[in-house]
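Since the structure comes first, as structure tokens, the remarks are kept for the end.
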Amino acid sequence: MTEIDYNKILSEFRTISDLAKLTIADKRGNPALQFGFVLKLYFSHAYDDEVRIRLIRLVEDYGKIFSDKITHYMPYDGNRLKPTKNFDYIGYFTGRMRSIPPEEKVEGFDAELYGFSGAVDRDEPTPYHIGVVARPAIAEKRLANKDNALGRLEAYFPADWPQGDYTQLLIVLARWAAIGRPIHGTFGLGLVMEEGGGRGPFIDLAFPFLKRFIGFDYPDLSLWRVRSEAAATPVIRSINWLTLIDDERIRLVGGLDKIRASVEPECSIHSYDGGIIIQAGQEPRIGDVNRGEVLDAYHKVANVLKPLRFEDFGRRGIFESLPPPLDDRDETLAWLRRFD
Numbered sequence: 042m043t044e045i046d047y048n049k050i051l052s053e054f055r056t057i058s059d060l061a062k063l064t065i066a067d068k069r070g071n072p073a074l075q076f077g078f079v080l081k082l083y084f085s086h087a088y089d090d091e092v093r094i095r096l097i098r099l100v101e102d103y104g105k106i107f108s109d110k111i112t113h114y115m116p117y118d119g120n121r122l123k124p125t126k127n128f129d130y131i132g133y134f135t136g137r138m139r140s141i142p143p144e145e146k147v148e149g150f151d152a153e154l155y156g157f158s159g160a161v162d163r164d165e166p167t168p169y170h171i172g173v174v175a176r177p178a179i180a181e182k183r184l185a186n187k188d189n190a191l192g193r194l195e196a197y198f199p200a201d202w203p204q205g206d207y208t209q210l211l212i213v214l215a216r217w218a219a220i221g222r223p224i225h226g227t228f229g230l231g232l233v234m235e236e237g238g239g240r241g242p243f244i245d246l247a248f249p250f251l252k253r254f255i256g257f258d259y260p261d262l263s264l265w266r267v268r269s270e271a272a273a274t275p276v277i278r279s280i281n282w283l284t285l286i287d288d289e290r291i292r293l294v295g296g297l298d299k300i301r302a303s304v305e306p307e308c309s310i311h312s313y314d315g316g317i318i319i320q321a322g323q324e325p326r327i328g329d330v331n332r333g334e335v336l337d338a339y340h341k342v343a344n345v346l347k348p349l350r351f352e353d354f355g356r357r358g359i360f361e362s363l364p365p366p367l368d369d370r371d372e373t374l375a376w377l378r379r380f381d
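The working numbering puts the first residue of the sequence shown at 42, with every later residue one more than the last.
Pasting the structure below:
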């Protein structure tokens, strides 16, 4: 594992917003890791046009929030990003979605936006990114339970975007929950990594942060969704400062009253049509275990939702290329249980 000077890193920020100033470079000195807010949402029946339209609406909303920052989109006819300037990317994504024969539902659908400083496409992490992936109907045959995820959304929000007003994150998630109707998801502090490539080359930089700062989420792309296809019951991936679950998952853990009794008053619950958002405390936390920071509110959420957590991994988990003697499955389970 790469040796990281935590004291130097910690000396460079006093507030969560200061995380936006931190960049971890790889061995060649290239930017490889940043920090911000990571939003992860999961969707069932993502082959339906209705669900895909909702995903496009979420991409559109992200583009409006960061209208002065979005610079590129991923085209369907190449592997290089193209500029969004003077281009109707929402019309483009919608046209692509509608071009897939609905009676066949054999094609997946995806849409991605990026924002780079100076509008220059760089092979490095950017805190302005959203990507949605909707699997085709044929993929549902691999699900042991059809109430689990066939689609996902992952988005980054800069650490200094809320400017200390973290209710803005809750407002976004509540609006997106109403629009997208995800089955579960999380929103909180996390690692910002380069999109479009595997995580393996950067795991030596990312993993030490995940071990020390338990408040950080890990953007694993589709790995968790793929690994969890064998789940026989509705599951969730993890929890964070904001955790979303739908009505079916509420029922499976004993109902809303039980959840309230388990997490209040440290946590607050916000309802929307189709589910709830559980807020673990007044603001997100970094969770530095070396400094003895205990995230009591996070622990309460993790405890009540533990029956929903997927743990039936085979030999592979959500981390790639961990060096020996670290085991992918064991470390995945340890990380998912970090709030227990």
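Glycine residues also receive a C-beta, built at the ideal position from the N, C-alpha and C atoms.
Query, Result
"S312 versus S279: straight-line alpha-carbon distance, rounded", "19 Å"
"Integer-rounded CB distance, given that R290 should sit under 8 Å from R357", "Contact doesn't hold; Cβ gap of about 25 Å is too wide."
"Straight-line Cα distance separating Q209 from K341", "23 Å"
"With 16 other Cβ atoms within 10 Å as the buried cut-off, status of R176", "buried"
"Every unbroken alpha helix (DSSP H) inside the stretch 276–358 [4 residues or more]", "288–293, 297–304 and 337–346"
"Residue from T56, E195, F257 and A152 with nearest C-alpha to D206", "T56"
"Under 7 Å between C-beta atoms of H225 and Y83", "yes"
"Own chain residues within Cβ distance below 6 Å of G221, not counting five before or after", "R95 and L99"
"Length of the line joining the Cα atoms of R332 and F107", "35 Å"
"As assigned by DSSP and simplified to three states, the class of A271", "helix"
"Start-to-end residues for the alpha helix (DSSP H) that takes in A375", "D369 to L377"
"8 Å contact criterion, which A184 and A87 should meet: CB distance rounded", "A small correction: the amino acid at residue 184 is Leu; Ala does not occupy that position in the sequence shown. Incorrect: roughly 11 Å between the Cβ atoms, too far for contact."
"When W282, I277, K123 and L211 are compared against G322, the one with the closest alpha-carbon", "W282"
"Paired residues, beta bridge with Q75 - DSSP", "V233"
"Given 8 Å, three or more beta-carbon pairs between the stretch 335–350 and the stretch 270–277", "yes"
"Boundaries of the beta strand (DSSP E) in which I57 is found, first to last residue", "Here I57 belongs to no beta strand (DSSP E), and DSSP marks it neither H nor E."
"Residues bridged to T227 (per DSSP)", "K81 and T284"
"Under the three-state DSSP convention, the category K62 falls into", "helix"
"Bridge partners - F198, DSSP secondary structure assignment", "F78"
"Straight-line Cα distance separating P142 from K252", "45 Å"
"Span of the alpha helix (DSSP H) around E153", "First-last for E153: F150 to G156, but that is the beta strand (DSSP E), not the alpha helix (DSSP H)."
"Cβ-based burial, R69 [other Cβ within 10 Å; buried from 16]", "exposed"
"Sequence-distant residues of its chain with Cβ nearer than 8 Å to G232 (five each side left out)", "Looking at the sequence provided, one finds Leu at residue 232 rather than Gly. Within the same chain, L232 has close Cβ partners L74, Q75, F76, V79, A247, F250, L251, F257, D258, Y259 and P260."
"Backbone CA spacing between T64 and P72 [nearest angstrom]", "6 Å"
"Which residues DSSP lists as bridging F254, in chain order", "D329"
"Range of the contiguous alpha helix (DSSP H) that encloses V100", "D90 to I106"
"Endpoints, the beta strand (DSSP E) within which Y169 is located", "Y169 to A175"
"Contact between the stretch 365–379 and the stretch 299–311 (3+ Cβ pairs under 8 Å)", "no"
"Member of I212, E53 and A200 whose CA lies at the smallest distance from the CA of D102", "I212"
"Bridge partners - H86, DSSP secondary structure assignment", "According to DSSP, H86 bridges with nothing at all."
"Interface flag, R240 vs chain D, CB-CB below 7 Å", "The structure shown contains no chain D; it holds only a single protein chain."
"Nearest residue (CA-CA) to T112, options F150, L154 and D188", "L154"
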